[in-house]
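J.:
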Amino acid sequence: MYETDTRTRAVDGELIDVLTAISVVSKRLARKLKILADQSQHMEGGKSDEQNERNGCVY
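Quick note, the working numbering runs 45 ahead of the 1-based positions in the sequence shown.
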């Protein structure tokens with residue numbers, strides 16, 4: 046029984062390490078994608094970081 050608990054803890058530790066690494070890489074990729082999107086908007090002359098902007102007619 047002791048051997049099973051030790052093995053389970055080792056597997057849990059590995060799983061925690063893998064999930065943490067995935068999280069770190071995902072955060073880096075998200076940051077890089079945000080930078081690229083902002084650069085693309087800037088090059089096109091658009092505005093970045095604006096959501097749900099409405100362009101209506103002025104009467």
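C-beta atoms are modelled at their ideal positions from N, C-alpha and C, and glycine is treated no differently.
Nothing here was measured: the structure is a model prediction, and the numbers come from that model.
Tell me whether G90 sits in a helix, a strand or coil according to DSSP, three-state version.
T.: coil
J.: Can you list, in chain order, the residues of its chain with a C-beta nearer than 6 Å to that of K72? Leave out the 5 residues immediately preceding and following it.
T.: For K72, same chain residues with a beta-carbon under 6 Å away, outside a window of 5 residues either side, do not exist.
J.: Cα separation between K82 and G90?
T.: A small fix is needed here, since residue 82 is Ala in this sequence, not Lys. Their backbone Cα atoms lie some 12 Å apart in a straight line.
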